[in-house]
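Comments concern the structure below.
Chains as they are written, first to last, in our numbering: chain E, 1 to 267; chain F, 268 to 621.
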């Protein structure tokens with residue numbers, strides 16, 4: 001019993017330490033900013049621009065990721081083919097890539113002198129140092145988070161639901177839309193939330209590939225970094241806004257799109 | 268008429284079957300798990316394509332590997348009731364039933380689905396989610412859903428095995444009734460011989476991807492073609508009509524003559540099942556003694572040794588089988604054509620509604 005006593009204390013202490021360390025910086029941001037400062041920093045036009053840009057770019061990036069990533073993840077989850085393991089690894093690679101490396105990689109691939117640079121330029125698309133470039137950087141960095149989750153969600157589906165749908169007159173495409181996506185819903189939504197969170201916080205790749213121009217490529221993390229050396233209070237206020245916006249966004253995504261049938265099933 | 272021929276290597280075992288079942292008749296494939304029964308259903312439904320095979324239903328050819336015909340599952344008109352039922356968890360019961368009703372205008376779908384549910388006494392479940400339904404309720408919704416598209420053939424995979432013992436009998440009776448009403452060929456798969464006997468007009472015993480014997484349940488039980496079939500059929504199945512007796516036992520008048528008693532309750536048409544090793548044989552002249560309530564005068568039809576036991580095929584006049592020791596066979600001087608009295612206890616007599 002004595003042993004159990006000290007072990008319980010150890011577990012509790014470890015959790016308390018984790019909790020303190022992980023929440024302290026977030027709490028500090030709010031403790032250090034008064035509501036007045038928060039409001040006045042929101043009145044700052046640069047801050048509002050950064051916030052708008054962050055929301056727009058991350059929304060477009062997540063939209064692209066979901067639109068292309070969902071069918072791709074379904075293919076990876078539902079078929080066995082040679083080279084599949086290699087493809088899965090390649091898709092997950094950006095997860096372990098340092099953001100700076102991602103930025104350099106994007107420049108080398110899509111920059112003016114990049115591998116596909118000529119092609120991109122011929123198509124009349126300007127990526128480097130533009131808003132479109134921000135979206136490309138966010139998409140590149142956030143996509144693996146969604147793909148991983150979506151693939152796992154599709155793999156966890158009961159195959160007989162898909163078989164049943166086919167015998168009930170639905171084609172493969174209809175089965176994907178009407179059965180696979182709704183039943184994998186919870187997993188897809190949590191993948192979407194992860195990817196969106198990652199996109200909102202993206203810093204390194206955006207800075208390298210798109211630069212940091214107010215109103216064009218300066219997302220909230222870049223704006224925070226710019227203020228940090230000259231206006232610490234402003235940086236702090238903007239950080240608080242980003243934390244609040246991200247938390248609210250992720251929470252509402254989970255609450256709004258979480259499938260009703262799961263909540264009904266929780267008996 | 269549903270015709271199936273398939274030869275395939277599917278993972279560790281090979282499948283080689285040729286079956287046919289006429290409209291309005293149910294063929295039950297029975298065998299141990301892993302015998303390839305479900306693979307036959309999947310071939311018919313088009314969920315798996317065999318190396319060689321031909322599947323036709325009436326005039327429609329769904330699969331003909333020789334001519335390169337392979338109709339995708341959604342265009343084969345198969346109603347498939349899956350093991351565990353495979354109801355879509357994100358849809359309510361009525362939406363599950365309405366899922367295949369794409370030809371019906373949207374505003375009439377709910378009414379159509381309700382009518383189908385009504386047929387299986389499940390209209391009150393229309394707005395429930397599958398996760399809140401009991402096994403028996405899910406089964407009704409699944410059968411209603413499988414029939415929604417007016418299938419040309421019906422496939423059932425272990426339709427009763429997900430149910431508890433209490434609901435199995437009534438669900439089985441309802442299903443047997445539904446199979447008769449639909450009038451399409453039905454193919455059913457089960458690991459339980461009693462279930463096959465209850466629901467199938469004919470029973471095919473499947474082992475190692477092959478149908479080893481095909482016939483009515485009574486034929487299989489009375490004259491198994493192999494020791495495997497004999498072992499698998501296990502119970503003797505007799506048909507008759509039950510009514511409550513005055514002594515608290517249920518009396519069953521057997522079709523074709525004779526009467527037995529059971530401690531199970533039952534009323535109307537029933538299947539009587541008893542295990543062969545619970546049936547004792549005696550010479551017709553021996554005075555009745557002991558606690559057995561059931562005595563039928565029988566004629567010995569066949570004598571088959573199975574290991575250290577002997578299976579004695581009997582006509583009562585319905586076929587039944589007793590399993591006794593070799594020593595008893597010699598003591599009683601049993602031989603085909605001999606007469607004997609078969610006795611067993613009312614407590615070992617199971618009644619199944621049919």
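We put the CB at the ideal spot given by N, CA and C, even for glycine.
Just so you know, these numbers come straight off a predicted model, no measurement behind them.
Residue burial classification, residue 213(E) (beta-carbon count within 10 angstroms, cutoff 16): exposed
Beta-carbon separation (whole angstroms), residue 271(F) vs residue 336(F), contact threshold 8 Å: At roughly 14 Å, the Cβ-Cβ gap does not stay under 8 Å, so residue 271(F) and residue 336(F) are not in contact.
Pair within 8 Å by beta-carbon distance, residue 217(E) and residue 54(E): no
Residues of its chain near residue 228(E), where Cβ-Cβ distance is below 6 Å and the 5 sequence neighbours each way are ignored: Counting only Cβ-Cβ distances below 6 Å, and skipping sequence neighbours, we find 235.
Residue 582(F) vs residue 565(F) beta-carbon contact at 8 Å: yes
Contact list for residue 340(F) against chain E, beta-carbon separation under 8 Å: 163, 166 and 167
Of the residues 210(E), 205(E), 201(E) and 209(E), the one placed nearest residue 224(E), counting alpha carbons only: 201(E)
Interface flag, residue 170(E) vs chain F, CB-CB below 8 Å: yes
CB contact below 8 Å: residue 263(E) versus chain F: Confidence at residue 263(E) is low in this model, with a pLDDT of 49, below 50, so the placement of that residue should be treated as unreliable; the coordinate-derived value is given next. Output row for residue 263(E): interface = no.
Length of the line joining the Cα atoms of residue 98(E) and residue 115(E): CA-CA distance, residue 98(E) to residue 115(E), rounds to 21 Å.
Uninterrupted beta strand (DSSP E) stretches inside the region 566-590 of chain F (no shorter than 3 residues): 576-582
The alpha helix (DSSP H) enclosing residue 404(F), as first and last residue numbers: 402-414
Residue environment, residue 474(F), which counts as buried when at least 16 other CB atoms sit within 10 Å: Buried, by the Cβ-count rule.
Three or more C-beta pairs below 8 Å linking the region 303-322 of chain F and the region 357-364 of chain F: no
Residue 283(F), enclosing beta strand (DSSP E) - first and last residue: 280-288
Contact check, residue 503(F) vs residue 540(F), beta carbons under 8 Å: The criterion of a C-beta distance shorter than 8 Å is satisfied by residue 503(F) and residue 540(F).
Cα-Cα separation, residue 266(E) to residue 61(E): Note that residue 266(E) has pLDDT 36, beneath the 50 cutoff, so the model's placement of it is unreliable and the number below is only indicative. Cα to Cα, residue 266(E) sits roughly 33 Å from residue 61(E).
As assigned by DSSP and simplified to three states, the class of residue 351(F): Here residue 351(F) sits in coil by DSSP.
Close-in-space but distant-in-sequence residues of the same chain around residue 107(E) (CB under 8 Å, 5 per side omitted): Closer than 8 Å at Cβ, skipping near neighbours: 114, 128, 208 and 209.
Sub-8 Å separation of residue 424(F) and residue 350(F) beta-carbons: yes
First through last residue of the alpha helix (DSSP H) which encompasses residue 598(F): Taken as a continuous stretch (DSSP letters only), the alpha helix (DSSP H) holding residue 598(F) covers 593-599.
Partners in chain F for residue 183(E), counting only beta-carbon separations shorter than 9 Å: 355, 356 and 357
Alpha helix (DSSP H) runs wholly inside the region 138-218 of chain E, at least 4 long, in chain order: 159-167, 172-175, 185-201 and 204-210
CB contact check: residue 367(F) to chain E, cutoff 8 Å: Output row for residue 367(F): interface = yes.
Helix, strand or coil at residue 338(F) according to DSSP, with G and I counted as helix: coil
Stretch-stretch touch, CB-based, cutoff 8 Å, three pairs: the region 600-612 of chain F with the region 517-526 of chain F: The region 600-612 of chain F, when compared against the region 517-526 of chain F, does not touch it at the 8 Å Cβ threshold.
Simplified DSSP assignment, three categories, for residue 615(F): The three-state secondary structure of residue 615(F), taken from DSSP, is helix.
Which residues DSSP lists as bridging residue 536(F), in chain order: 508(F).
Helix, strand or coil at residue 270(F) according to DSSP, with G and I counted as helix: strand
Nonlocal neighbours in the same chain, by C-beta distance under 7 Å from residue 264(E), ignoring five residues either side: In this prediction, residue 264(E) has a pLDDT of 42, which is less than 50 and means its spatial position is unreliable; nothing more can be read from the coordinates.
Length at least 4, wholly inside the region 71-151 of chain E: the alpha helix (DSSP H) runs in chain order: 84-92, 99-110 and 117-122
Three-way DSSP call (helix, strand, coil) for residue 628(F) in this model: Summary: the structure shown does not reach residue 628(F), with chain F confined to residues 268 through 621, and so no result is reported for it.
Cα-Cα separation, residue 161(E) to residue 232(E): 55 Å
Range of the contiguous alpha helix (DSSP H) that encloses residue 373(F): 373-386
Length of the line joining the Cα atoms of residue 281(F) and residue 299(F): A straight-line Cα-Cα distance of about 15 Å links residue 281(F) and residue 299(F).
8 Å contact criterion, which residue 214(F) and residue 295(F) should meet: CB distance rounded: Here chain F has residues from 268 to 621 only, and residue 214(F) is not among them.
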